[in-house]
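Scroll down for the structure; my scribbles are underneath it.
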């Protein structure tokens with residue numbers, strides 16, 4: 129029998145406020161990030177005294193609380209109601225060019241001028257006028273800063289504002305989960321961003337447990353989640369680079385499974401069942417959010433995995449490992465097909481390392497049967513699915 133919305137809404141649920149289980153929800157306290165929050169606040173405090181704060185770079189793997197802590201600090205910053213200090217948040221996954229970042233700053237600060245059609249120089253001049261007129265010290269948060277295509281130009285333009293200002297100032301906070309991204313920056317941009325550097329370590333299993341306990345109290349009905357389920361989700365997330373986002377997704381999906389079954393209480397079984405679904409979602413998200421050239425490298429690996437590479441033909445091996453050199457040749461061809469300029473072999477090796485760090489591929493050194501030593505690469509997910517995701521991203 130076909131369900132109606134009314135039928136679905138009338139069903140009992142173990143959830144309280146599901147929104148509090150979202151990684152984007154900022155609770156009133158952030159367990160185990162007190163030190164990092166204090167460091168960010170100390171670095172920004174000069175702005176509240178009418179002085180220009182230092183720029184900073186915040187690094188940490190996915191799910192280590194970087195964005196949550198900065199947004200928490202932004203909320204406390206706004207509570208001070210300073211007329212001479214502002215913070216502006218920019219998600220660089222969306223605003224991924226210098227022009228788009230400036231357009232976002234205009235929307236937040238001078239919406240009457242935030243029309244498409246105005247040029248970058250117009251936006252820049254209006255921003256200078258605003259800061260000069262009110263002696264404002266502005267802090268621009270660039271989340272996922274590594275996604276900005278013309279990053280050096282952006283950093284140069286934003287910090288050049290300090291030379292053109294008579295009053296006020298412009299500071300930056302860059303947030304990234306890719307430590308190697310700083311190698312892309314020219315020395316001037318690097319020295320600007322790295323005035324202060326904060327590294328967020330991965331959460332431990334016990335820390336993840338207390339984070340989940342806090343969120344479970346907010347997001348579920350009393351007694352709806354077994355302690356053993358929280359322990360298991362914490363342990364799984366600790367193995368996955370101490371990722372709090374992953375832990376929250378596990379417990380949320382486990383709760384959804386319980387609601388679907390009508391089981392009443394989240395147990396270890398539900399967390400185990402949730403893992404497969406969450407892992408698939410995480411892999412799709414991880415692929416979709418890769419920089420473009422890493423996606424093309426992964427696309428080349430997927431293509432060769434489907435067709436069979438030279439390694440399996442040479443050795444008769446059927447475990448789907450591919451020769452690193454063959455992948456690079458395919459990457460050069462695929463880059464041309466996607467109308468992109470391929471990067472050097474040095475960058476290619478860096479891309480492989482980052483893809484392995486994300487768990488999208490595994491690599492080993494070749495053993496006997498190969499002349500010399502070479503790196504062998506294996507895709508961790510379905511080649512057809514990987515190709516489909518990347519084709520959609522790049523060809524859209």
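Numbering (the working numbering), first residue to last: 129 to 524. Glycine included, C-beta positions come from ideal geometry on N, C-alpha and C. Being a predicted model, the structure only gives us computed values, none of them experimental.
{"Item": "Element boundaries [alpha helix (DSSP H), containing residue 252]", "Value": "248-262"}
{"Item": "Contacts around residue 195, its chain only, beta-carbon distance under 6 Å, and the 5 residues preceding and following it disregarded", "Value": "271"}
{"Item": "Residue(s) in a DSSP beta bridge with residue 304", "Value": "187"}
{"Item": "DSSP beta-bridge partners of residue 172", "Value": "BP columns for residue 172 are empty, so no partner."}
{"Item": "Beta-carbon gap between residue 141 and residue 354 smaller than 8 Å", "Value": "no"}
{"Item": "Three-way DSSP call (helix, strand, coil) for residue 502 in this model", "Value": "coil"}
{"Item": "Contacts around residue 358, its chain only, beta-carbon distance under 8 Å, and the 5 residues preceding and following it disregarded", "Value": "337, 340, 341, 344, 379"}
{"Item": "For residue 188 and residue 121, the rounded distance between their alpha carbons", "Value": "Residue 121 lies beyond the residue range present for the chain, which begins at 129 and ends at 524; the question has no answer from this structure."}
{"Item": "Any 3 or more C-beta pairs closer than 8 Å across the segment 156-164 and the segment 281-296", "Value": "no"}
{"Item": "Straight-line gap, residue 322 to residue 184 (C-alpha atoms, nearest Å)", "Value": "6 Å"}
{"Item": "Alpha-carbon spacing of residue 166 relative to residue 172, whole angstroms", "Value": "10 Å"}
{"Item": "Between the CA atoms of residue 314 and residue 284 - distance to the nearest angstrom", "Value": "10 Å"}
{"Item": "Contact between the segment 410-419 and the segment 386-400 (3+ Cβ pairs under 8 Å)", "Value": "no"}
{"Item": "Endpoints, the beta strand (DSSP E) within which residue 216 is located", "Value": "213-219"}
{"Item": "Proximity to residue 265 [Cα-Cα], best of 250, 430, 286", "Value": "286"}
{"Item": "Given 8 Å, three or more beta-carbon pairs between the segment 451-458 and the segment 500-510", "Value": "yes"}
{"Item": "Range of the contiguous alpha helix (DSSP H) that encloses residue 485", "Value": "473-485"}
{"Item": "Sub-8 Å separation of residue 333 and residue 352 beta-carbons", "Value": "no"}
{"Item": "Spatial distance of residue 180 from residue 153 (CA atoms)", "Value": "30 Å"}
{"Item": "Distance CB(residue 241)-CB(residue 232) smaller than 8 Å", "Value": "no"}
{"Item": "Beta-carbon proximity list for residue 487, same chain, < 7 Å, skipping 5 on both sides", "Value": "508"}
{"Item": "N-terminal and C-terminal residue of the alpha helix (DSSP H) that residue 432 is part of", "Value": "420-435"}
{"Item": "6 Å CB neighbourhood of residue 518 in its chain, flanking five on each side removed", "Value": "423, 427"}
{"Item": "Cβ-based burial, residue 151 [other Cβ within 10 Å; buried from 16]", "Value": "buried"}
{"Item": "Cα-Cα separation, residue 308 to residue 391", "Value": "46 Å"}
{"Item": "Top-ranked residue by Cα proximity to residue 201, from 235, 257, 155", "Value": "155"}
{"Item": "Other residues of its chain near residue 275: CB distance less than 6 Å, five sequence neighbours each side excluded", "Value": "220, 221, 224"}
{"Item": "Own chain residues within Cβ distance below 8 Å of residue 459, not counting five before or after", "Value": "424, 425, 428, 470, 476"}
{"Item": "Residues of its chain near residue 168, where Cβ-Cβ distance is below 6 Å and the 5 sequence neighbours each way are ignored", "Value": "201"}
{"Item": "Whether residue 327 touches residue 282 by CB criterion (8 Å)", "Value": "no"}
{"Item": "Host beta strand (DSSP E) of residue 270 (start-end)", "Value": "265-271"}
{"Item": "Residue 335, buried or exposed, once every other Cβ within 10 Å from all chains shown has been counted against 16", "Value": "buried"}
{"Item": "DSSP three-state assignment for residue 370, whether helix, strand or coil", "Value": "coil"}
{"Item": "Residue 297 - DSSP class collapsed to helix/strand/coil", "Value": "strand"}
{"Item": "Backbone CA spacing between residue 376 and residue 360 [nearest angstrom]", "Value": "12 Å"}
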